[in-house]
Each structure stands twice: as structure tokens, then as C-alpha cells.
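K.L.:
Chains as they are written, first to last, in our numbering: chain A, 1 to 25; chain B, 1001 to 1125. Glycine is no exception: its CB is placed at the ideal position from the N, C-alpha and C atoms. Just so you know, these numbers come straight off a predicted model, no measurement behind them. Please see the structure below; I have some questions.
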């Protein structure tokens, strides 16, 4: 028996560095 | 050794904010912009590369960014092969040959002056 392999799906924002919060007023 | 995230591997499936699935190598600047527009928490900021220096460990680089309209100075230390997405250009890293070798991801050389896609929180006070 071959178990189906699930393909991981990554959210778009995981590819983008989170750099600094914008300090708005 | 520092591990690199798996999602930069060529063929990785990325889900955009509207649910659309794309391969990491097929992502365009508009995909990030449109996903951020939908997001209630995150917004796209542009981060300009100001300096690139050697890091504390072999293969590491310290990249200084100027982030957003406020030009906040932020330094990150990453492996040279870590890819960043440059507006209008696509994936770029300090060691594009290594990035291509490791991830099979086509990559340009990240240079001072490049403007990278980055995220900030919306409505941060």
C-alpha cells in the first residue's frame, strides 16, 4: 500500500521578511 | 548550522491571500501587492538595501535595510543564499549561485539600492 503524500502549501507571507512595524498615528 | 526554510525550493506551492496557488518560482511582484491589499493585518512595505556586510559566521551576511516611508533602519543577519523578493525583478540573494544550487530557484544578485518586498503590521500604534 502506498500512502498518499500531502503536498505542503505555504502561505504567501512566510516568504516575505517581517522587518519593522510602521508607526502610524 | 542554520537551516533554510523549505518554501524557497523550486516547485513549492504558495497560497496567495485570495486562495490562488502558485509555485514559488512563478510569483510576481503583483502577487505580493494584491495579497497584502486583501490582508487585514499586513501591508507591503518597501525595504531598500543600504549596506551588505559579512556576518558573524561563515556564509552569513548582515543586510541593512531602510524600511518604509519612515526609513526605519533595520539589520538582519541571514545566510548569503537567503532569497529576498525585489520589486519588479524577483528573487535575489547575496549568493545567487548558492541559492540556485540549493533551491533550484533562479536568482539575481542582491545589491545595495535594491528595493525588497517586506511586510509591516497595519494600524500599528
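For the alpha helix (DSSP H) containing residue 1047(B), name the first residue and the last one.
P.N.:
Taken as a continuous stretch (DSSP letters only), residue 1047(B) belongs to no alpha helix (DSSP H), being part of the beta strand (DSSP E) at 1042-1054.
K.L.:
Under a Cβ-count criterion, where at least 16 other Cβ atoms within 10 Å of its own Cβ denotes burial, should residue 1099(B) be classed as buried or exposed?
P.N.:
Buried.
K.L.:
Which of the three DSSP states is assigned to residue 1120(B) in this structure?
P.N.:
Residue 1120(B): strand per DSSP, three-state reduction.
K.L.:
Counting only beta-carbon atoms, is residue 1120(B) nearer than 8 Å to chain A?
P.N.:
Yes, its Cβ sits closer than 8 Å to a Cβ of chain A.
K.L.:
So, under 8 Å CB-CB, residue 1084(B) and residue 17(A) are touching, yes? Tell me the CB distance rounded to an integer number of Å.
P.N.:
Indeed they touch by this definition, with Cβ atoms about 7 Å apart.
K.L.:
For residue 14(A), which residues in chain B fall below 9 Å Cβ to Cβ?
P.N.:
Chain B residues near residue 14(A): 1005, 1007, 1014.
K.L.:
Tell me, to the nearest whole angstrom, how far the beta carbon of residue 1025(B) is from that of residue 1102(B); I am working on the premise that it is less than 8 Å.
P.N.:
Contact flag wrong, Cβ pair sits at about 14 Å.
K.L.:
Just the C-alpha distance for residue 1035(B) and residue 1060(B), rounded to the nearest angstrom, thanks.
P.N.:
For residue 1035(B) and residue 1060(B), the distance between alpha carbons rounds to 30 Å.
K.L.:
Enumerated in chain order, which unbroken segments of the beta strand (DSSP E) with a length of 3 residues or greater are wholly contained in the stretch 1056-1087 of chain B?
P.N.:
Fully enclosed beta strand (DSSP E) runs of 3 or longer: 1060-1067, 1072-1079, 1084-1086.
K.L.:
Taking any Cβ of chain A, which residues in the stretch 1073-1105 of chain B have a Cβ under 8 Å from it, in chain order?
P.N.:
Correct list: 1074, 1076, 1084, 1085.
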